[in-house]
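What follows is one structure encoded as structure tokens, with my remarks underneath.
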Amino acid sequence: MANRVFVIGVGMTKFEKPGRREGWDYPEMAQEAGSKAIEDAGIDYDEIDQAFVGYVYGESTSGQRALYELGMTGIPVVNVNNNCSTGSTALYLAAQSIRGGLAECALALGFEKMQPGSLGSTFNDRAQPMENHFLALAEISEVLFPPAPWMFGAAGREHMKEYGSTAEHFAKIGYKNHRHSVNNPYAQFQEEYSLEDILAAPMIYDPLTKLQCSPTSDGSGAAILASEAFVDRHGLAGQAVEIVGQAMTTDFTNTFDGTCKALIGHHMNVEAARRVYDQAGLGPDDFQVIELHDCFSANELLLYEALGLCGEGEAHKLVDSGDTTYGGRWVVNPSGGLISKGHPLGATGLAQCAELTWQLRGTADKRQVSDVTAALQHNIGLGGAAVVTAYQRAER
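Just so we're aligned: 9 in UniProt numbering is position 9 of the sequence shown, and the numbers increase by one with no gaps anywhere.
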């Protein structure tokens, strides 16, 4: 029988515009987030059996260099790179180590030190991992570079054409997430914009304006996971949050089914969510708070359908009804999401974990959602991997 897995400590840095904090390199970021997680858990670093460290842009064994700021105890350190889902992949691997009885306490840590501007390839003398996706999308959509807003913007246009969503629906998601981030001291942006501001911002790829796109960011996040025996031995049940369902999927053959939404991970998302609901014995209506991968507002809207919050073609109706903010059926991205909190690729999934842990503990301050009993996390990296995780308070 698989062991139960609990989050016992979380920590993160403030997410910043690249280069904004002088002398703030990835070891300092990791030290800050990791130390906060250890302090939150109330344990010593030498009680950690294994570590999984995620980053996208960096040299080999940067994970070791980062963790050595916390201690050098000889434990296995696995470096993880899975595009924008890197942080949640590290979380997934740490949970596997606990679930399989290979460790009693494991650390998942992610960081990113990014270059300003749009994402681009690092190595141009070899096959690109997304080249098949790009070629398939070019057959059905107007091509624009940089590729990320093109891919997600094309999927947004597809939804508009098929189901009648409008540019204003996407803008309302950007408006919501910027408004949420005002109450998040960790967010890169903490300014509220009017809907008119969102719509009037520079156009990146119609219908996506700049204020509907996640920025490049520097920052780090961390989570400490433990077994039930470890939690009991250390008296941590009062702060522990249980991972009651978790799944990772990669591309299926139907990624290339001729639709834009498939190329940005729709089928991966649907299947990962289905597996998590089956594992947890929960459905979409059982969650009160959700952190999902809103790299662009179009992706958040499409995820409402992929995660089963509504039927196919109905996502924009959730926007119109206010069902995804405070006072609605769910609060989606109370942290501000990637659009406003920021998106340091290796840290994003762990920042989502931290936010949901705080929400379940009831310690999210002005962002706190009422009566949270279950929380859902979604993180995706194209090329591709989707990770979905369900959480509940340990006392349940």
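Yeah, the Cβ is synthetic: ideal placement off N, Cα and C, and Gly gets one too.
#1: Output the residue ranges of the alpha helix (DSSP H) runs that lie fully inside the stretch 109 to 181 and measure 4 residues or longer, sorted by chain position.
#2: In three-state DSSP terms, what is Y391?
#3: Report the three-state DSSP secondary structure of G265 (helix, strand or coil).
#4: Tell me whether the beta-carbon of L225 lies closer than 8 Å to the beta-carbon of A108.
#5: What does DSSP give as the partner residue(s) for E291 in the beta ladder?
#6: From the DSSP output, which residues share a beta bridge with D218?
#7: Let me check one thing: in DSSP terms, what residues is G11 bridge-paired to?
#8: Can you give me the start and stop residues for the beta strand (DSSP E) that Q246 sits inside?
#9: Between the beta-carbon of F15 and the beta-carbon of Q188, is there less than 8 Å?
#10: So P207 packs on G265, CB below 8 Å; how close in whole Å?
#11: For G349, count neighbouring C-beta atoms within 10 Å of its own C-beta (all shown protein chains included) and say buried if the count is 16 or more, exposed if not.
#12: So the alpha helix (DSSP H) F230 belongs to, where does it begin and stop?
#13: Buried or exposed for H378, please, with buried defined as at least 16 other CB atoms from any protein chain shown within 10 angstroms of its CB.
#14: If you check the beta carbons only, do D46 and A106 fall under 8 Å apart?
#15: Do you know whose CA, among T325, H180 and F256, lies nearest M130's CA?
#16: What is the rounded straight-line gap between the Cα of G328 and the Cα of A272?
#17: With C-beta atoms as the reference, is C310 less than 8 Å away from E158?
#18: If you run the structure through DSSP and keep just helix, strand and coil, what is L208?
#19: Assign Q359 to one of three DSSP states: helix, strand, or coil.
Per the coordinate set shown:
#1: 131 to 138, 147 to 163 and 167 to 181
#2: strand
#3: coil
#4: yes
#5: Q377
#6: E16
#7: A222
#8: V241 to T249
#9: yes
#10: With a Cβ gap of about 19 Å, P207 and G265 do not count as contacting.
#11: buried
#12: Run containing F230: E228 to H234, per the alpha helix (DSSP H) assignment.
#13: buried
#14: Contact flag unset, no.
#15: F256
#16: 25 Å
#17: no
#18: strand
#19: helix
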